[in-house]
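Chains as they are written, first to last, in our numbering: chain A, 1 to 256; chain B, 1001 to 1256. Report on one structure; see the data block that follows.
2 protein chains.
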Amino acid sequence: MTDRDLTGGLKPLGVLEALAAMQQPATLAQLVTYLSVPKPTVHRWLKALESVGLLSRHPDGRRYEIAARATQLAVAILLGEPGRALRRNILRRLVDDVGEACNLTIFDGTDVTYLDRVEANWPLRISFQPGSRVPAHSSASGKLFLAYMPPSRREKLLRQIPLTRCTENTLTSASALAKELQSIRRLGYSTDREEYLDGLVCVAAPVFTTMQSRRSCVAAIAIQAPVTRNDIDALTKFVPKLQKAAGEIAATFEGS
Amino acid sequence: MTDRDLTGGLKPLGVLEALAAMQQPATLAQLVTYLSVPKPTVHRWLKALESVGLLSRHPDGRRYEIAARATQLAVAILLGEPGRALRRNILRRLVDDVGEACNLTIFDGTDVTYLDRVEANWPLRISFQPGSRVPAHSSASGKLFLAYMPPSRREKLLRQIPLTRCTENTLTSASALAKELQSIRRLGYSTDREEYLDGLVCVAAPVFTTMQSRRSCVAAIAIQAPVTRNDIDALTKFVPKLQKAAGEIAATFEGS
DNA sequence: ACCATACGTTCCAGAAAATGGAATTTCTTG
DNA sequence: CAAGAAATTCCATTTTCTGGAACGTATGGT
C-alpha cells in the first residue's frame, strides 16, 4: 500500500498513514487487517501514538482517530514545506497575468483554509495570515470542495455545518446549494458572486491530486476581485489560465 | 501538561516537527541545537526519515527539507474525517462567545484526556496540550464522568483510583466526592473550584452519546478561567451556552 | 440468561535496534 | 593548502521492540 516500508523507529507511523487513508476512525482489528501486522504490535503502536497525542480514542472506546497534534503537524508541514515556494511562484505568475489577487486554499474537513495568497499590487509582500478560514458554503473554493467530495461525506457534512448568511447573495438553502454544486461539477469551476463579502467576486478552479488511486480535490486556487474592477464575466475569461495554474499546483502536491 | 516528548519509536518525528516549525530547510547542526539531542542521534533520525521518504536533502546536499510523503500525509490528514474539524469549530465559537478557553475531553476509563482545546485571546492563560491527562476526581469534566457512570462501575473505579490531593480544595474523601457527584447529577453540570490548580476554576457540561442503545457520558466540554477574571458564579452563567455546544458536539460523534 | 465468538489487552524471553562518546572523513574558507 | 567546522561512521552497551500465547472483556445469537 505504501510505496516504501517504514523503518528506523518510524513503524508506528504506518498506523497514522493507514488511518489518514481510511478517512475514518478504525478499530484495532481493522488496522491489523489493513496493515498485515501482528495484533499485539499494532496495539503497541496505537498506544504509542495515543500517548504522544497523534491519535486519540473515539468516545466509543474502541476505535482510534487522528488527533489534534497530527492536525497541527499537517498544517505546519503544508506551510513549511518547500513545495510552498513553488506554489507561490505559480500564484505569482498568475497574479502578474490577470492583475488580481490570487489565493491557494485547502479544505481542512469543514472550512476553507488559506495556504497562501499573493496580492496584485504588492507582489513581493504578503499581507495576510496563512491559516485564515472561510466557510465552505459561501466561497468559490469551498463550493468546489463540496462539489467534488464523495456524496456520502457531503451529506454528512451539510447536516452539521450551518449555512450562515454572509451577504445577500449567500446560498443559505440546501436546495440552492445542491443546484449550485451540480452546476460546478458540470462547468469544472466555481464562482463567488458576492456571497461572502459584498463587492467581492471570485472564480476558483480545483486542484486534483491522486491519492490511493482516487482522484480528489484537496486544494483550489482562486482569483479574487472587487466587482467594480472585474465582474464575474470578466473573471470567467481567466478560467483557462486558472486551470492551467491549478494543474501546475497539483504537481507540487504529488511526488517530486 | 505542556509538550509531551515523543516516545515509543516515534522520536525521529521530533525532527519532522522541528523542520515544519522552522518553516525552512535546516542543517544537522541547527537541528542538534534546536532539539538538544546528540549529533549522531539526530543524524540517524534524519537518515531514517529520509530513507522513508518523509524528508529529502536540499539540493545543497547539506540541509534537509520536508519531502513528498510528508506532504501527502499532511493532505490526507486534513482531508480526512470531518468530525475533528467540526468539533473544533464548535469549541471555537464557544470561546468567541464566552471569552475564555474551552476544552473537549473524553474519559478513557480512569483519567480525563484532552481531545482538543481552544484558547481565548487573553494574555493570561494556562496552557494544556491536547492529549494531556488529568485525574478524574479533581476536575470538572472528570467528576461529570464519575457522576453519570453506572453506579457499579463508579464504585469499582473509586476503589482503584487514589483521591490524590492537588490543591487545598481537592475533594479527597469518598463521602465528600459522593455528595458532590449527587449534586452534579441534580444540576446537570459540574464545576471545579480550584480543585486541580490554584487560581483555576472551571465549569463543565456532559456530552451524551448513544452507544449500543445506552445513553452515556463519555465526553465533556468545559470552560476554564483564572478565578481572578471569572469566578464560578460568572462561569455558571455560561452553562446554557455550554450545554448547547455540548449537544452540537454530541451530534458529531453520532454519524458512523 | 447462557454460551460462542470475536475483539482487545497483557505477558515475556529472545531478537533487534537505538544510543552517544569518540574517531574519522568530508566540506568550507581564508 | 592548511585549519576549522560540519557531517559521518564506529561500536560496545543499553534499551526497546517483537509477536506467539494466554488472558480478559464485550458482543451477538438463541
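Note that the Cβ used here is the ideal one computed from N, Cα and C, for glycine as well.
Cβ-based neighbour list, residue i, same chain, cut-off 7 Å, excluding 5 preceding and 5 following
{"i": "residue 1031 of chain B", "result": "1015, 1018 and 1042"}
{"i": "residue 206 of chain A", "result": "144, 148, 217, 220 and 246"}
{"i": "residue 67 of chain A", "result": "53, 54, 55 and 56"}
{"i": "residue 1250 of chain B", "result": "1207, 1208 and 1209"}
{"i": "residue 1142 of chain B", "result": "1112, 1134, 1135 and 1136"}
{"i": "residue 93 of chain A", "result": "none"}
{"i": "residue 154 of chain A", "result": "146"}
Within-7 Å CB hit, residue i to chain A
{"i": "residue 1092 of chain B", "result": "no"}
{"i": "residue 1061 of chain B", "result": "no"}
{"i": "residue 1115 of chain B", "result": "yes"}
{"i": "residue 1023 of chain B", "result": "yes"}
{"i": "residue 1032 of chain B", "result": "no"}
{"i": "residue 1089 of chain B", "result": "yes"}
{"i": "residue 1220 of chain B", "result": "no"}
{"i": "residue 1078 of chain B", "result": "yes"}
{"i": "residue 1074 of chain B", "result": "yes"}
{"i": "residue 1223 of chain B", "result": "no"}
{"i": "residue 1247 of chain B", "result": "no"}
{"i": "residue 1015 of chain B", "result": "no"}
{"i": "residue 1204 of chain B", "result": "no"}
{"i": "residue 1174 of chain B", "result": "no"}
{"i": "residue 1211 of chain B", "result": "yes"}
{"i": "residue 1147 of chain B", "result": "no"}
{"i": "residue 1048 of chain B", "result": "yes"}
Proximal residues to residue i (C-beta, below 8 Å), its chain only, five neighbours per side dropped
{"i": "residue 1232 of chain B", "result": "1191, 1193, 1201 and 1203"}
{"i": "residue 124 of chain A", "result": "Here residue 124 of chain A scores only 45 on pLDDT, less than 50, and its place in the model should not be relied on; the value that follows carries that caveat. Nothing listed; no residue qualifies."}
{"i": "residue 132 of chain A", "result": "113 and 114"}
{"i": "residue 58 of chain A", "result": "25, 64 and 65"}
{"i": "residue 69 of chain A", "result": "52, 53 and 54"}
{"i": "residue 1088 of chain B", "result": "1116 and 1118"}
C-beta neighbour in chain B for residue i, strict 7 Å
{"i": "residue 251 of chain A", "result": "no"}
{"i": "residue 207 of chain A", "result": "no"}
{"i": "residue 81 of chain A", "result": "yes"}
{"i": "residue 10 of chain A", "result": "yes"}
{"i": "residue 142 of chain A", "result": "no"}
{"i": "residue 160 of chain A", "result": "yes"}
{"i": "residue 163 of chain A", "result": "no"}
{"i": "residue 126 of chain A", "result": "For residue 126 of chain A, the predicted structure reports a pLDDT of 47, less than 50, and the residue's modelled location is therefore unreliable. A value from the coordinates is still provided. Closer than 7 Å: no."}
{"i": "residue 136 of chain A", "result": "no"}
Beta-carbon proximity list for residue i, same chain, < 6 Å, skipping 5 on both sides
{"i": "residue 172 of chain A", "result": "163 and 165"}
{"i": "residue 248 of chain A", "result": "90"}
{"i": "residue 1169 of chain B", "result": "1193, 1194 and 1195"}
{"i": "residue 1006 of chain B", "result": "1013 and 1014"}
{"i": "residue 253 of chain A", "result": "209"}
{"i": "residue 240 of chain A", "result": "none"}
{"i": "residue 1181 of chain B", "result": "1146 and 1147"}
Beta-ladder partner(s) of residue i, from DSSP
{"i": "residue 1055 of chain B", "result": "B:1066"}
{"i": "residue 207 of chain A", "result": "A:219"}
{"i": "residue 230 of chain A", "result": "BP columns for residue 230 of chain A are empty, so no partner."}
{"i": "residue 201 of chain A", "result": "A:193 and A:225"}
{"i": "residue 1101 of chain B", "result": "B:1224"}
{"i": "residue 1113 of chain B", "result": "B:1106 and B:1133"}
{"i": "residue 1214 of chain B", "result": "B:1211"}
{"i": "residue 1118 of chain B", "result": "B:1102"}
Within chain A, the residues that residue i reaches when beta carbons sit closer than 8 Å
{"i": "residue 1084 of chain B", "result": "65, 66, 67, 68, 71 and 109"}
{"i": "residue 1184 of chain B", "result": "Going along chain A, no residue has its Cβ under 8 Å from residue 1184 of chain B, so there is no contact; the nearest lies around 19 Å."}
{"i": "residue 1106 of chain B", "result": "56, 57 and 59"}
{"i": "residue 1019 of chain B", "result": "80"}
9 Å Cβ cut-off: residues of chain B touching residue i
{"i": "residue 52 of chain A", "result": "1004, 1005, 1006, 1007, 1008, 1010, 1013 and 1131"}
Neighbouring residues, chain B, relative to residue i (Cβ below 7 Å)
{"i": "residue 157 of chain A", "result": "1082"}
Residue i: CB within 6 Å of a non-hydrogen atom of the ligand PLP
{"i": "residue 1168 of chain B", "result": "Within the structure as shown, the ligand PLP is missing, as the structure has no ligands at all."}
Closer than 8 Å at the beta carbon, the chain B residues around residue i
{"i": "residue 216 of chain A", "result": "1079"}
Quick test of the definition: if touching needs 3 or more C-beta pairs under 8 Å, does the segment 1074 to 1082 of chain B touch the segment 1102 to 1114 of chain B? At 8 Å Cβ cutoff, the stretches do not touch.
Are three or more beta carbon pairs between the segment 1158 to 1177 of chain B and the segment 1126 to 1142 of chain B nearer than 8 Å? The segment 1158 to 1177 of chain B, when compared against the segment 1126 to 1142 of chain B, does touch it at the 8 Å Cβ threshold.
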